[in-house]
Structures are given as C-alpha cells and as structure tokens.
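With positions in the sequence shown counted from 1, the corresponding number in this note's numbering is that position plus 587. The beta-carbon is built from N, C-alpha and C at its ideal position, and this holds for glycine as well. All figures in this text were calculated on a predicted structure; none of them were measured in a lab. The structure appears below as structure tokens.
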Amino acid sequence: MKSPTILILTGEVSGDDWGAGLASQLKKKFPRSCLLGIGGSLMKAQGVKLIADIDQLSLMGLGGVTTKLPFLFNLRRKVLDVLRDQEVDLIVAIDFAGFNMSVIKAAYQKGVKVVYYVAPKVWAWGAGRTKNLVQSTDHIAVIFPFEEQLFTDAGGKATFVGHPLVDHEFPSQDDRSDFCETWNLDPDRPILALCPGSRPREIARHLDLFVHTGQKVIERFPEMQLAIARSRSIPRAKLWKDQIPLVDEGRRLLAHSRTGLLKSGTVTLEACLAGTPFLTVYRTDPLTFFVAKKLLKTRYLSIPNVIEKKCIVPEILQGDATPEHLVEKLIPLLKVENAEYQEMFSRFQVVKRKLGRAGVAERVSGIISSILEL
C-alpha cells in the first residue's frame, strides 16, 4: 500500500498545529498518499483536503459542547459518509475527545485502522473512557510520559512519542529587535504577555480581566509594557484599545516576554518551553465550574503542575481572579533577580526534559507506517 488514504480528525486550534506537523511527515513518508481531515488553515497548507473547517467550531468543555450538538451530529454524519464512500485506510484522531471517541468506535468496527494522537485526558476526568479507547484503537501515541503505562495497563498499545510542542523552535533573544519592531513594542522595556485563550467564551471571560490587571501592573511598574496574544476569535487589528499591541505570533511573544498572564491550556506549556514565568487563570460560569470540580480527578489545571504533581505555577480560579489579586501574585515574577522568578524558571527546565525530544511527528508517522505495514 504505497498510496494510503488517511483521515486526520481534530477540532482544536492546537490540534490543527499538531495535525499539520504530522501531515508534513506523512507526505514525506508517503508522497502519493491522500490526506483528508477536519482541521484548519495549517493542515490545509500541508495538503490536507478538509471535509470541515474548525474555524466553525468554538467549543469549551461542558458549556460549549451542549450548544453545538446539532453541528457536531452533522459533522459526525459527514465523517461517516466519507468512511462509507471512500476506502479510508487509517484514521488519526487528535485530541477533541468528545467528538473523536464516537467516530473512532464506528470506524474501528468497520475495520478501519485507528491511531489516537494526543489522547483523551483520562487521568484528569477519570478512567471511564480508558476501556473504550483501548478497544477502539490500534495504537495510542501519548504526549505525556505518565500516560503510556496508564494505557498499557488497560490492555492498549501505547507509545510515549513526546509533546508536539518540542518540534517547534522558540526564537532566541537575537530575534527581539525584529519582533518588537513588527509589533510596535519597545525592545528596551520588559513585556507582560496577556494570553486570554483562543475561543470566544474564554476571551469573553479573560481578556478584559487581563487588560485591567496589566494596566494596574503598569501603574506600579511603568517600565513594563503589555501585549496581547491574538487568536482567531479576536478581530484582526494592530492595536487593542489603550494602544496595546495584538500579536499574531503567540510563541514568539512568550519567548520575548518577562512574564505572562495565561488562561489555562496548552499555552502554559508554551510558556514553560519558552522559559517565561507566568500565572495561570481560569474562569467559567458557576455551573460548569461546579460540575467540573466534581468530575476532575487531578488537583491541578496547569499542565506543568500536572506533570510535576505539585504546584510550581500559581493557579488563580473563578472569583479569586480579580485584578488586585493577580497584580500581587505577578509582582514577584516581574524581576529576573527575584527568588520566585528564578525558582519557577529552574522548575521549567525539569518539565522540559520530561516532554521528550524533537521528532514527535516523525515518530507518529512511523507508528502509522508500521500499522499499515508500509
């Protein structure tokens, strides 16, 4: 089978990134392959023929999914139509567990090979999905070191491939002048990065809070400057109100920032890999938070804390996340010489080593090749 048809499924902005990296490797390994998928602009740029674009999806946990059920049912039907009408050799499911779990079960029963890359976080939400996952996959490519044993103990085939973020290079300080010139920033002043999330719900709950917090920081530390990491959900503009730059290059922003104010998620690992200390903030509606708190099986939300099994990064949740409280928590992280800054930076180096080495997408493509016996 020299020209396999592979279907890559994701519903997240980060999944579009991971899917694009994998698509690039699959094209190298199988130049005549047909790549189909649910993804975004990054996957499309790597030659994936999209059957649906994730820009239509704005999901966040329990509250987001329930309002999108008709769309998701229609999307599932579209995927099943592809499986019926085309000879798909293998599905790669990337994160997006609420949707992908139902699809891969149906596909696996039809005899389609399945690789799950960036597996559902069963360690966070309980083991209920573990059995279903191992019974509906040929291989699970896990991105955290503690996940491999969890799935193999449950009877699945799992390999720790490393976290896909390690395949990305973070810019050095030699890039700072060009970066600051591009985004209207002063290269001689430290930057506080504001990263309010990527989905409309997240931005609605975090952006104004982060801006007000940043303004209070500048009142006390006028040498600081603010920049906002812009997602697709924030209208394109060069500047936010009060002349705060909106930066399209989130990783580059984190690499050149003194510290960050981050909504919990993958961005916390990006800051960790960039070596930029930060605070994690999370706010949602009271009902969603109540339900999530009952279901969550881990003590922490921030991924570096989960990996280290201890609080190396402060987590500020719900009503505790006021501008005044956030400023007090940020102050020790605004100067490199402070002990708190140095301690967090040092712990980030430990986390980095646990995320694996570069070549993640290549290793996943190798797993796919072995399953297809190519």
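With distances taken Cα to Cα, identify the nearest neighbour of residue i among the options.
{"i": "Trp557", "options": "Ser957, Ile955, Ala948, Ser952", "result": "The first residue shown for the chain is 588 and the last is 961, placing residue 557 beyond what the model contains."}
{"i": "Thr871", "options": "Ala908, Arg619, Leu662", "result": "Ala908"}
{"i": "Leu779", "options": "Leu942, Gly801, Glu915, Ala791", "result": "Gly801"}
{"i": "Arg663", "options": "Asp642, Asp672, Phe686, Asp676", "result": "Phe686"}
{"i": "Leu697", "options": "Gly784, Asn925, Leu677", "result": "The identity of residue 697 in the sequence shown is Lys, whereas the question assumes Leu. Minimum Cα distance to Lys697 is reached at Leu677."}
{"i": "Pro822", "options": "Leu813, Pro910, Arg786, Leu840", "result": "Arg786"}
{"i": "Ser1026", "options": "Gln736, Phe733, Gly743, Glu756", "result": "Examination of residue 1026 is not possible in this model, given that the chain is present from 588 through 961 alone."}
{"i": "Asp765", "options": "Ile638, Ile958, Val878, Leu840", "result": "Leu840"}
{"i": "Leu670", "options": "Arg788, Thr717, Thr592", "result": "Thr592"}
{"i": "Ile815", "options": "Phe797, Lys803, Glu806", "result": "Phe797"}
{"i": "His793", "options": "Thr875, Leu848, Phe658", "result": "Leu848"}
Taking 8 Å as the threshold (C-beta atoms), are residue j and residue i in contact?
{"i": "Leu833", "j": "Arg817", "result": "yes"}
{"i": "Tyr704", "j": "Val854", "result": "no"}
{"i": "Ala842", "j": "Pro774", "result": "no"}
{"i": "Leu667", "j": "Ala693", "result": "yes"}
{"i": "Asp725", "j": "Val702", "result": "yes"}
{"i": "Leu942", "j": "His750", "result": "yes"}
{"i": "Lys850", "j": "Gly906", "result": "no"}
{"i": "Ala824", "j": "Arg838", "result": "no"}
{"i": "Lys665", "j": "Ile638", "result": "yes"}
{"i": "Tyr928", "j": "Leu920", "result": "yes"}
{"i": "Val679", "j": "Leu752", "result": "no"}
{"i": "Asp963", "j": "Arg819", "result": "This structure cannot settle anything about residue 963, because the visible part of the chain is limited to 588 through 961."}
{"i": "Glu756", "j": "Phe747", "result": "no"}
{"i": "Glu810", "j": "Arg776", "result": "yes"}
{"i": "Ala741", "j": "Thr717", "result": "yes"}
So, is residue i buried or exposed, given that buried needs 16 or more other C-beta atoms within 10 angstroms?
{"i": "Ile608", "result": "As written in the sequence, residue 608 is Gly, which differs from the Ile given in the question. With 16 or more Cβ atoms within 10 Å of its Cβ, Gly608 is classed as buried."}
{"i": "Asp603", "result": "buried"}
{"i": "Phe683", "result": "buried"}
{"i": "Glu599", "result": "buried"}
{"i": "Val729", "result": "buried"}
{"i": "Val923", "result": "exposed"}
{"i": "Leu646", "result": "Residue placement at Leu646 is poorly supported in this model, since its pLDDT is 46, which falls under 50; the coordinates are not used for a value here."}
{"i": "Ser933", "result": "exposed"}
{"i": "Ala745", "result": "buried"}
{"i": "Glu857", "result": "buried"}
{"i": "Cys782", "result": "buried"}
{"i": "Ser957", "result": "exposed"}
{"i": "Glu960", "result": "exposed"}
{"i": "Ala945", "result": "exposed"}
{"i": "Asp754", "result": "buried"}
{"i": "Gln612", "result": "buried"}
Terminal residues of the continuous alpha helix (DSSP H) containing residue i?
{"i": "Asp640", "result": "Here Asp640 belongs to no alpha helix (DSSP H); instead the beta strand (DSSP E) covers 636-640."}
{"i": "Cys859", "result": "854-861"}
{"i": "Ile805", "result": "787-807"}
{"i": "Lys614", "result": "600-616"}
{"i": "Tyr869", "result": "Per DSSP, Tyr869 belongs to no alpha helix (DSSP H); it is in the beta strand (DSSP E), 865-869."}
{"i": "Lys700", "result": "Here Lys700 belongs to no alpha helix (DSSP H); instead the beta strand (DSSP E) covers 700-704."}
{"i": "His912", "result": "910-917"}
{"i": "Gln736", "result": "734-740"}
{"i": "Ile894", "result": "890-895"}
{"i": "Thr769", "result": "763-769"}
Please list the terminal residues of the continuous beta strand (DSSP E) segment that includes residue i.
{"i": "Ala693", "result": "First-last for Ala693: 684-696, but that is the alpha helix (DSSP H), not the beta strand (DSSP E)."}
{"i": "Phe757", "result": "Run containing Phe757: none; DSSP gives neither H nor E here."}
{"i": "Ile815", "result": "812-816"}
{"i": "Ala945", "result": "From DSSP, Ala945 is part of no beta strand (DSSP E); its letter is neither H nor E."}
>> I want to know whether the region 851-870 touches the region 896-915 - three or more CB-CB distances under 8 Å.
In response: These segments touch.
Open item on the list: Quick check: the region 934-946 against the region 886-896, are at least 3 beta-carbon pairs closer than 8 Å?
Closed with: Contact holds: three or more Cβ-Cβ distances are below 8 Å.
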